[in-house]
Every structure is written in C-alpha cells, then in structure tokens.
Amino acid sequence: MTAAELVERHRPVLDRALEAIRTREYWSPYPEHPKAYGTEHGSPDAAAGKAAFEALLGRRFELDQPGTDGWVPGEVSPYGIGLGTEYPHADPDVLLPAMRAALPAWRDAGPGVRAAVCLEILARINARTHEFAHAVMHTSGQAYLMALQAGGPHAQDRGLEAVAYAYAEQTRLPGAAEWTKPQGRRDPLRLRKEFTAVPRGVALLVGCNTFPTWNGYPGLFASLATGNPVLVKPHPRAVLPLALTVRTAREVLAEAGFDPDLVALAAERDGEGVAKELAVRPEIRIVDYTGSTAFGDWLEANARQAVVFTEKAGVNTVLVDSTDDYRGMLGNLAFSLSLYSGQMCTTPQNLLIPRGGIDTDTGHRSYDEVVSDLAGAVDKLLGDDRRAVALLGAIVNPGVLERLEAAAGPDGPGELALVSRAVAHPEFPEATVRTPLVVKLDGDRPESEPVLLEECFGPVSFAVAVDSTARAVELLRRTVRERGAMTVGAYTTSPQVERLVTEACLEECAQLSLNLTGGVYVNQTAAFSDLHGSGGNPAASAALCDAAFVADRFRTVEVRRPA
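This note's numbering applies: residue 1246 is where the sequence shown begins, and numbers increase by one.
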C-alpha cells in the first residue's frame, strides 16, 4: 500500500485522536474487551495467535537488518518456560550509519505521511493482539488477560496518542506562508517562507521488563512520527514483544516505500550493558527510558548529546482520612495492591492512616481496624487460587522476590498485618506467584523514615500510622518532593482536607486520584485523557503524553526567498 493510500485510510482515526486529546473524553479505536479478539480458548483468532507465538520459540528471530554480527539467546518466561528464541546482535558502527541514511526521505515525507505509516503499524499490531499478548505474558509475568489488554490495546492507545500529539505539534506552523510588508509608496516587501519539521536524529528506546509495549510505544511512536529513526534496545528479559514490534514496523515501512532501517533492534548479550554504550554515542539524539532511578539518573547526567525522557522509581502514596463508602474503598485498595503483584510503577506503597482512626459510613474505624479490614479485603479478593493467579500474574524477576522476603522476614521493618502466601499456578507449576504483603509502620518514628522514603517495588505495602491528617499531608509532600511519585491517592469526605491534598499535589507536581471506590483504580490511566507521570517530580522527567513529550524531538527550520 502506498503512502498516499495509507493517509487516506488512516486520516479518520487520526482526526478522531486529535479530537480526543483536545476534549480528554473517553475514546479508543482498539477495543479492550477480549471478545473483540476472540476468547483465549476456542476462538480461531485466539488459537492462531497462540500458534503464531509458539512458532517463534526455539528459533532465530530474523530481521534482515544491517550489522548483524551474531545471535543473542533469549528469555526464560516467569512462568517457567524457556522461550529459546535467538535475536540478532547488531554492530552499531554498521547499523547506526544505515539508520541515519534512512532519515532524509522520512523527514521529507512530512507529518501526515509519517502519522499514517505509524497508524498502519499500530493497526497491524492490533490485528495480532493475541500473539502479542502471549509474548508480553511470557516475558513480563503479567496474567494473560492483563497482557492482552495492557500489552495490547492499551499500549496501542498510548502509541496512537503519541502520534496524535506529534502530528499536532508539527503542524502548529503552516508548511508555507506568503509574507508581505507594506512600504508606503514603495513596493511592498514580499517573501515566500517554508517551514519544515526537522528530526533530531536517531532515537534510542531502552525498554523495561514489566510493560515492554505499554511503556515502550509512547517513545517509539513519538520519535518515529516526528521523523527520527528508532533503535529499540529491549530489556534482556523482555525482548520478544518489542522484537515483534520492530519486525512489524520494518514490514510496513518497506511496503510504503521507505527504508526499513528507520526502525531496528539492539538485543544485548548477557552483561554487555549496551544501553550505556549506545546512549552516549553522537548519533543518538533522543533517549527514552523506563526503569531504575540509578540508571535513569546516569542517563540524564551522561547522555549530554541527547534529549532524555525518563520514567524512574517513585514512592506512591495514598492518604486515608475518611470515606462515605468504606466497603468500596477497601475493595478498590485491595485490587490496586493485588493487580500484577504490585509490579506496576503506579501501585500504592505507603498508605497513610491517622493513628486515631477514620470516620466512615459504617461508623468510626480505628487504625488497627482499617488495616485489619484491608487485609481481609485482600484475602477475600484472592481467596480462590484460580482467581488469584488471574490478578497476580507471576513474579517478574528474583529481585522482587528478594524484597518481598526481606520485608516479611524477622529483620523486616515492622509488624505484619497481612502475610504474603505462595499460590500454585494451575497451568504453569514453575511460576512464582505471591499475594501482597502489608506491614504496619509508625510514621513518626525516625527508624521508619528510610523505609517510607524508598521504593520497595513489588507486592509490599506499608500501613503507616500518623498523628493526624495534617501530618499525613506533610509526609506526602516530602515523599513526592524527595523521592517522586507516579500516583497519589486520597480518601476524604472533608472539603478542607481535599483542598490540602490537592494543593500539595499541585505544588509538588503529582497526579492525584480522589475517592476511587468503583471500577477505576489509582494504578490505571486511560490514554487520550489521563496523564501518566507529570515530569515535575523525581519519579519521571516526562509525562505520557503531553505536548512536551513530543515537541523536543524535532525542530522547525525555515527557508525564505523573495516571492
């Protein structure tokens, strides 16, 4: 299909996406319900997707990209399956010049064509949602339904959202303008001016283990839509979903008449540390990164030749002051703590609860009662093992399990309010599955401070007793300012407390959710409407997705001549 045909095909979806980011209303072209893609078992689409995934295992993943100098062994699934896929290892001295050579034609194609090609890539990925779901599940440890939704349509939404923002920013100036300046009795001055969005150069996407597509697609498509070639460096434990993405992108680019080397894969050998080497090369002009604070800080300090967008660690906090729906609050928090075993950058960690208890629609509840009732809500939610594994998924890597065991051990930070238990997976006996752990802490004791101000990534949360709601707001402010937060939540029936919490989040630049008791959770965000991260606190230097996320990936160059 030609580029012109792609523009015609995808223009209605692009227009609708542009409207959605303006109004912030709910919209998605990619349905999230599994029935839209067939059910996991029995549907031809589901069976074909699983078969396509299985056909990738135990063989080389061919990409036909320049500079391949060897093969990299692939992942072992958190569910205990050795995938056995091998990926091409690239020589950057060969691959990067080829990517740079592909840039001029892609730049000259213009924002409209680039957006259409990106939407075609997303459409083809969407058509293979079941295949991608298995790839995400067996690299991240997400349960299948979550992998299908978060790794499929929700990730595709975030990619499309980035394309829409990129198109809007690149077309903010006209492509050309006639300029006339009156000169009184003399002839006016006349110039013809042309404005071209010029990409920065090759972009490096450093993928993460837990959400390879959801966290990867915004940067990938923001860079590609603004004219930049993209080198995808997946996390060593989660290569397959992004390798599939690269292969799909290369196929679409070639069919549309562009050089497929605009998108390439950089798989790394064990212990190679290729991200650090690539990030400081002069060809790399953009870096997108999701992962640990330590490496994110290193990128920001050392990749000086590039503009760097990071999502790092934070300490997410929920303040519990009062509620008019106690049962709904407990159920909502229990789900938020349990989803994907707490292995989300948005999962609440510190639950700040006044020492004297809270007022609810069922009467006053003491601190101990609130913590005990929350533990009971988690136990009820996860009481059935089959339901539990569908929510929890599998522990993604040994580091998560080590943190969980340390928090639960005899030298742990506090009294255990909810003990984590192992759950046997009925389909994958080798999977490591654990329920959440809740630890009581006294927020006003000095020895609690290092625990409260450090991210404990995984299924570990702290029920923190504080002297008052005012003290909780103070602790919330300090946590966000010093350590950052991707999400903040609060439950209160007091307009005054709501104002205090809102003001704290506005001043510290943190995204706030108030009184969630239904089917929306603090650790979930909707593309085209919600912002993921703010770029204004230490947890992230960028927000997914706003104009700032795309505008620094290109510059506008003017050419003027006499009319």
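Beta carbons are placed, not taken as given, at the ideal position from N, Cα and C, and that holds for glycine.
All values reported here derive from a predicted model rather than from experimental measurement.
Notebook entry, point to check: Mind checking Trp-1424: buried by the 16 CB within 10 Å criterion, or exposed?
Noted result: Answer is exposed; the Cβ neighbour count stays below 16.
Checklist line | Closest Cα partner of Glu-1700 within the set Arg-1256, Ala-1793, Ser-1779 and Thr-1538 | finding: Ranking the options by Cα distance to Glu-1700, first place goes to Thr-1538.
Notebook entry, point to check: Quick one, are the C-beta atoms of Leu-1789 and Gly-1781 less than 8 Å apart?
Noted result: At the C-beta level, Leu-1789 and Gly-1781 stay beyond 8 Å of one another.
Check: Of all the beta strand (DSSP E) runs that stay within the bounds of the region 1329-1408, which reach a length of 3 or more residues?
Finding: Correct list: 1331-1335.
Check: Tell me, which residues are paired with Thr-1455 by DSSP?
Finding: None; Thr-1455 has no bridge partner.
Checklist line | Cβ neighbour criterion (16 or more within 10 Å) applied to Val-1339 | finding: Around the beta-carbon of Val-1339, fewer than 16 other beta-carbon atoms lie within 10 Å, marking it exposed.
Margin query: Less than 6 Å between C-beta atoms, sequence neighbours within five positions excluded: which residues of the same chain meet that for Ile-1266?
Written below: Taken in chain order, the residues that qualify are Ala-1409 and Phe-1773.
Next item on the list: Let me know if Val-1804 comes out buried or exposed under the rule of 16 or more other beta-carbons within 10 Å of its beta-carbon.
Entry: Under this definition Val-1804 is an exposed residue.
Notebook entry, point to check: CB-CB under 7 Å to Pro-1257, same chain, minus the five flanking residues each way: which ones, in chain order?
Noted result: Taken in chain order, the list of residues that qualify is empty.
Notebook entry, point to check: Buried or exposed: which applies to Gly-1303, given that a residue is buried once 16 or more other Cβ atoms fall within 10 Å of its Cβ?
Noted result: Around the beta-carbon of Gly-1303, fewer than 16 other beta-carbon atoms lie within 10 Å, marking it exposed.
Note to self: If you reduce the DSSP assignment to three classes, tell me which class His-1255 lands in.
What the structure shows: Here His-1255 carries a helix assignment [DSSP, helix/strand/coil].
Note to self: Check this for me: beta carbons of Ala-1411 and Phe-1554, under 8 Å apart or not?
What the structure shows: Ala-1411 places its beta carbon 8 Å or farther from that of Phe-1554.
Note to self: With the cut-off set at 8 Å, would you say Val-1252 and Ala-1361 are in Cβ contact?
What the structure shows: Yes, the pair counts as a contact, with Cβ atoms nearer than the cut-off.
Next item on the list: Going by DSSP, name the residue or residues bridged to Ala-1667.
Entry: Looking at the DSSP assignment, Ala-1667 forms a beta bridge with Arg-1679.
Check: Roughly how many angstroms lie between the CA atoms of Phe-1794 and Trp-1459, to the nearest whole one?
Finding: Phe-1794 and Trp-1459: Cα-Cα distance of roughly 15 Å.
Margin query: Does Gln-1415 pass the burial test, meaning 16 or more other C-beta atoms within 10 Å, or should it be called exposed?
Written below: By the neighbour-count definition (other C-beta atoms within 10 Å, threshold 16), Gln-1415 is a buried residue.
Margin query: Distance check for Glu-1528 and Val-1802, CA to CA, integer angstroms please.
Written below: One C-alpha to the other measures close to 20 Å.
Checklist line | Contact set for Gly-1518: own chain, Cβ-Cβ below 6 Å, skip 5 residues either direction | finding: If we look at Gly-1518 and ignore the five residues flanking it on each side, it has no Cβ neighbours.
Notebook entry, point to check: When you compare only the Cα positions, how much space is there between Leu-1367 and Glu-1500?
Noted result: Looking at the two C-alpha atoms, the distance is approximately 15 Å.
Next item on the list: Please state if the CB of Ser-1586 and the CB of Gly-1703 are separated by a distance shorter than 8 Å.
Entry: Their beta carbons are under 8 Å apart, which means Gly-1703 touches Ser-1586 by this criterion.
Notebook entry, point to check: Between Val-1381 and Gly-1396, which are expected to be in contact by the criterion C-beta below 8 Å, what is the C-beta distance as a whole number of angstroms?
Noted result: Contact flag correct, Cβ pair sits at about 3 Å.
Next item on the list: Taking 8 Å as the cut-off, decide whether the C-beta atoms of Asn-1636 and Leu-1627 are in contact.
Entry: The question names Asn, yet the displayed sequence has Leu at residue 1636. Yes, Cβ-Cβ distance for Leu-1636 and Leu-1627 is below 8 Å.
Check: If you draw a straight line from the C-alpha of Leu-1575 to the C-alpha of Gly-1688, how long is it?
Finding: One C-alpha to the other measures close to 21 Å.
Margin query: Applying the 10 Å Cβ sphere with the 16-neighbour rule, what's the burial state of Gly-1287?
Written below: Note that Gly-1287 has pLDDT 45, beneath the 50 cutoff, so the model's placement of it is unreliable and the number below is only indicative. Exposed: under 16 other Cβ atoms inside 10 Å.
Check: So Pro-1674 is in the alpha helix (DSSP H); what residue range does that whole segment cover?
Finding: Counting along the chain, Pro-1674 falls outside any alpha helix (DSSP H), and DSSP gives it neither H nor E.
Checklist line | Distance, Tyr-1571 Cα to Asp-1797 Cα | finding: Roughly 45 Å between the two C-alpha positions.
Item checked: Boundaries (first-last residue) of the beta strand (DSSP E) holding Thr-1747 -> Unbroken run through Thr-1747 is the alpha helix (DSSP H), 1740-1753; no beta strand (DSSP E).
Check: Hey, Thr-1732 and Thr-1591: beta-carbon distance below 8 Å or not?
Finding: Yes, the Cβ-Cβ distance between Thr-1732 and Thr-1591 is below 8 Å.
Check: What separation, rounded to the nearest whole angstrom, lies between the Cα atoms of Leu-1584 and Asp-1712?
Finding: Their Cα atoms are separated by approximately 30 Å.
Item checked: Helix, strand or coil at Pro-1655 [DSSP, three-state] -> It is coil, neither helix nor strand.
Item checked: Strand pairing of His-1480, partner residues [DSSP] -> Its beta-bridge partners are Ala-1483.
Note to self: With the cut-off set at 8 Å, would you say Ala-1749 and Val-1718 are in Cβ contact?
What the structure shows: Yes, the pair counts as a contact, with Cβ atoms nearer than the cut-off.
Next item on the list: Mind checking who Phe-1422 pairs with in its DSSP beta bridge?
Entry: Looking at the sequence itself, residue 1422 is Ala, so the reference to Phe does not match. According to DSSP, which records beta bridges pairwise, Ala-1422 is partnered with Lys-1438.
Notebook entry, point to check: Terminal residues of the continuous beta strand (DSSP E) containing Asn-1577?
Noted result: Under the DSSP assignment, Asn-1577 falls outside any beta strand (DSSP E), being part of the alpha helix (DSSP H) whose first and last residues are 1571-1583.
Checklist line | Complete beta strand (DSSP E) runs within the region 1602-1631 (minimum length 3 residues, chain order) | finding: 1603-1605 and 1608-1610, all fully within the region 1602-1631.
Margin query: My output table needs one value for Phe-1773: the three-state DSSP class, helix, strand or coil.
Written below: Phe-1773 falls in the coil class under three-state DSSP.
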